[in-house]
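K.L.:
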Amino acid sequence: MKNYDAKPNLSDMSLDEIEGFIARLGKEKYRARQVMKWIYRAGATDFDEMTNLSKVFKEELEKLARIALPLIEEIQEARDGTKKVLFRLEDGCFIESVLIREKNHWTQCVSTQVGCAMGCRFCLTGRYGLERNLLPSEIVGQITALRFNTPEGENIKNIVMMGMGEPLANYQNVLKAIMIITSDAGAGFSKRKITVSTCGVTPMIRKLGEDVSINLAVSLNAPDEKRRSYLMPVNKKFPLKGLIAACREYPMPRRRRITFEYILMNGINDSEKDARTLAALLRGVHCKFNLIPFNEFPGSEFKRPPDKKIRAFHDVLVQEHYTTMTRPSKGDEISAACGQLSGRRGGRPLPNQPFCDSVDGKQSHGGDI
Ligand code: SAH
Ligand code: SF4
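Counting in the working numbering, the sequence shown runs from 12 upward without gaps.
This is the structure we're talking about:
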């Protein structure tokens, strides 16, 4: 990555790290909390705004550190109110967040990587490969940037890590981002309001459960090993059997259930028999289902099933006593729906168009297709 500014970015630091940084300047520990509150509670990006710090201290901070967030490049709105936000990062890469309108609040779907290396066959993000991991500042910064620069901002109540990328393949930065989002000096979200969605990196699910109490969503997408390995290469390394065992043992926050996401693809995984197999597979796991009719994109290999089949699949799971939601496709026409995020300007994916405009004019590319 380019060294665009050698000064450390305070937005990449947890409270402990800011405390350490400030202690090295010979200042009191509580100053760290003050600085952090300015960043996450007031949206400050300039030390000058921090009115409870002395002028000398602010000048010192200015010399030795910076506060950098992703820049909002474009916001598109779909007819159903869903908004897709394109961010530009300091090195010229692009990522996307999606704002989903709920009854009385907004849910923000954030990205955790530029692209994704997991190669799921049904996912546009996966098609372009991985460009790089996001830094903690770029994960939390998607939230901070919207909070202080959009009318919806103060009404964002839920965070789902379901945008571009596989959160558990960028574990350390995602964990630090969660710590900052949930710190009372940081963004102050309750852990119950944050969900990490994974394609099933089993050892990291176990680690996440040990490190933090947070909601888990798992993208299942197939009722057996063979089809799952075909659709999601990660299953060859971490098969369904072990994945479900890890889910059984995952310590969810009290009274919460694991969400299993299941994309319905016509003729692939959408029969009533598949629904019954799925129900049997997850018997005894404290969970609920989120069915997502496949969102098509140019060149996609799969099709959305007809509504009748979607309903029949849904009904089998309900008969089997699973709480089941069939998610209406949100923001489809602006490519903001699940699996349609590509970080491209204008929202329309073009083959070989890169995730990043390199700052020195040369272009890096977003993986092979
Ligand atoms: N990498 C993580 C989170 C990002 S993907 C994961 O896989 O869970 C977010 C969700 O979008 C996943 O549940 C995935 O299965 C779903 N998805 C991907 N492509 C899709 C498509 N074309 N149509 C519908 N859902 C899709
Ligand atoms: Fe990556 Fe998730 Fe897409 Fe799979 S579904 S390629 S893990 S973003």
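Here a beta-carbon is modelled for each residue, glycine too, at the ideal position from N, C-alpha and C.
What is the DSSP secondary structure of Asp371, reduced to helix, strand or coil?
P.N.:
Along the sequence shown, read from residue 1 onward, the residue named residue 371 stands at position 360. Low confidence applies to Asp371: its pLDDT is 34, below 50, so where it sits in the model is not reliable enough to give any reading.
K.L.:
Can Glu177 be considered in contact with the ligand SF4, in the sense that its beta carbon sits closer than 6 Å to one or more heavy atoms?
P.N.:
Mapped onto the sequence shown, residue 177 falls at position 166. Within the cutoff, so yes.
K.L.:
Helix, strand or coil for Asn144, going by three-state DSSP, please let me know.
P.N.:
Along the sequence shown, read from residue 1 onward, the residue named residue 144 stands at position 133. Strand, per DSSP.
K.L.:
Using 8 Å as the cut-off, can you tell me whether the stretch 126-139 makes contact with the stretch 93-102, which would need three or more C-beta pairs spanning the two stretches below that distance?
P.N.:
no
K.L.:
Helix, strand or coil: which one does DSSP assign to Ala156?
P.N.:
Taking the first residue of the sequence shown as 1, we reach residue 156 at position 145. Helix, per DSSP.
K.L.:
Going by beta-carbon coordinates alone, are Pro234 and Asp285 separated by less than 7 Å?
P.N.:
On the sequence shown, position 223 is the one that residue 234 refers to. On the sequence shown, position 274 is the one that residue 285 refers to. In this structure, Asp285 lies closer than 7 Å to Pro234 by Cβ.
K.L.:
Have a look at Gln87 and Ala34 and give me their C-alpha separation to the nearest angstrom.
P.N.:
What you label residue 87 is simply residue 76 of the sequence shown in a count that begins at 1. What you label residue 34 is simply residue 23 of the sequence shown in a count that begins at 1. Gln87 and Ala34: Cα-Cα distance of roughly 43 Å.
K.L.:
Between Met336 and the ligand SF4, is there a pair consisting of the residue's CB and a ligand heavy atom that are separated by less than 6 Å?
P.N.:
Taking the sequence shown and counting its residues from 1, one reaches residue 336 at position 325. Because no heavy atom of the ligand SF4 lies under 6 Å away, the Cβ of Met336 does not count as near it: no.
K.L.:
Using a Cβ-Cβ cutoff of less than 7 Å, which residues in the same chain neighbour Ile189 once the five nearest sequence positions on both sides are dropped?
P.N.:
Looking up residue 189 in the sequence shown gives position 178. Short of 7 Å from the beta carbon of Ile189, and not among the five residues preceding or following it, lie these beta carbons of its own chain, in chain order: Ile205, Val223 and Ile225.
K.L.:
Are there three or more Cβ pairs, one per stretch, closer than 8 Å when the stretch 285-302 is compared with the stretch 310-319?
P.N.:
no
K.L.:
Apart from the five residues on each side of it in sequence, which residues of its chain come closer than 7 Å, Cβ to Cβ, to Ala323?
P.N.:
Residue numbering aside, residue 323 sits at position 312 when the sequence shown is read from its first letter. Result list for Ala323: Glu283, in chain order.
K.L.:
Is Cys134 near the ligand SF4, with its Cβ less than 6 Å from a heavy atom?
P.N.:
Translated into the one-based positions of the sequence shown, residue 134 becomes position 123. True, at least one ligand heavy atom lies under 6 Å from that Cβ.
K.L.:
Would you call Pro304 buried or exposed, if buried means 16 or more other Cβ atoms sit within 10 Å of its Cβ?
P.N.:
Taking the first residue of the sequence shown as position 1, residue 304 is located at position 293. In the assembly as shown, Pro304 is a buried residue. Its beta-carbon has 16 or more other beta-carbons within 10 Å.
K.L.:
Ends of the beta strand (DSSP E) at Ser230?
P.N.:
Counting from one through the sequence shown, the residue named residue 230 turns up at place 219. First-last of the beta strand (DSSP E) with Ser230: Asn226 to Ser230.
K.L.:
Per DSSP, Arg124 forms a beta bridge with which residues?
P.N.:
Sequence index remark: in the sequence shown, residue 124 carries index 113 (1-based). Reading the sequence as shown, one finds Gln at residue 124 and not Arg. Beta-bridge pairing links Gln124 to Asn144.
K.L.:
Reducing DSSP to helix, strand and coil, say where Cys210 ends up.
P.N.:
Looking up residue 210 in the sequence shown gives position 199. Coil at Cys210, not helix or strand.
K.L.:
Taking the Cβ atom as the reference point for each residue, do Thr270 and Ala228 lie within a distance shorter than 7 Å?
P.N.:
The residue you call residue 270 lines up with position 259 of the sequence shown. The residue you call residue 228 lines up with position 217 of the sequence shown. Yes.
K.L.:
From Ala17 to Met24, what does the alpha carbon distance come to, in whole angstroms?
P.N.:
As a working note, residue 17 is residue 6 in the sequence shown. As a working note, residue 24 is residue 13 in the sequence shown. Taking the straight line joining both Cα atoms gives about 15 Å.
K.L.:
Within 6 Å: the Cβ of Gly92 and any heavy atom of the ligand SF4?
P.N.:
Working through the sequence shown from its first residue, we reach residue 92 at position 81. No, the ligand SF4 has no heavy atom inside 6 Å of this Cβ.
K.L.:
Here's the rule: buried if 16 or more other CB atoms are within 10 angstroms of the residue's CB, otherwise exposed. What is Thr209?
P.N.:
In the sequence shown, counting from the first residue as 1, residue 209 sits at position 198. With 16 or more other CB atoms across the displayed protein chains lying within 10 angstroms of its CB, Thr209 is buried.
K.L.:
From the DSSP output, read off the bridge partner residues of Tyr182.
P.N.:
The residue labelled residue 182 in the question sits at position 171 within the sequence shown. Under DSSP, no beta-bridge partner is assigned to Tyr182.
K.L.:
Where do the ends of the alpha helix (DSSP H) carrying Asn246 lie?
P.N.:
As a first step, residue 246 must be located in the sequence shown, where it is residue number 235. Val245 to Lys248 is the span of the alpha helix (DSSP H), which, as asked, contains Asn246.
K.L.:
Would you give the residue range spanned by the beta strand (DSSP E) that Glu107 belongs to?
P.N.:
By one-based count along the sequence shown, residue 107 stands at place 96. Note, Glu107: beta strand (DSSP E), Phe105 to Arg112.
K.L.:
Consider the Cβ of Leu141: report whether some Cβ of chain D lies at a distance smaller than 7 Å.
P.N.:
The structure shown contains no chain D; it is built from a single protein chain.
K.L.:
In chain order, what residues of the same chain lie with their CB nearer than 7 Å to the CB of Cys120, ignoring the 5 residues before and after it?
P.N.:
Looking up residue 120 in the sequence shown gives position 109. The residues are Ser108, Val109, Ile111, Val171, Met173 and Gly174.
K.L.:
Within the chosen definition, does the stretch 234-246 reach the stretch 122-131 through at least 3 CB pairs nearer than 8 Å?
P.N.:
yes
K.L.:
In whole angstroms, what is the alpha-carbon distance linking Gly220 and Lys40?
P.N.:
One-based indexing of the sequence shown puts residue 220 at position 209. One-based indexing of the sequence shown puts residue 40 at position 29. C-alpha of Gly220 to C-alpha of Lys40: approximately 30 Å in a straight line.
K.L.:
Find the nearest neighbour of Ile274 within the set Glu260, Arg259 and His325, judged by alpha-carbon distance.
P.N.:
One-based indexing of the sequence shown puts residue 274 at position 263. Among Glu260, Arg259 and His325, the Cα nearest to that of Ile274 belongs to His325.
K.L.:
Taking its Cβ as the centre, do 16 or more other Cβ atoms sit within 10 Å of Ala79, making it buried, or is it exposed?
P.N.:
Position 68 of the sequence shown, counted from the start, is the residue given in the question as residue 79. The residue is buried, with at least 16 neighbouring Cβ atoms inside 10 Å.
K.L.:
When the Cα atoms are used, what is the spatial distance from Lys168 to Tyr333?
P.N.:
Translated into positions along the sequence shown, residue 168 becomes position 157. Translated into positions along the sequence shown, residue 333 becomes position 322. Using only the alpha carbons, I get a separation of about 26 Å.
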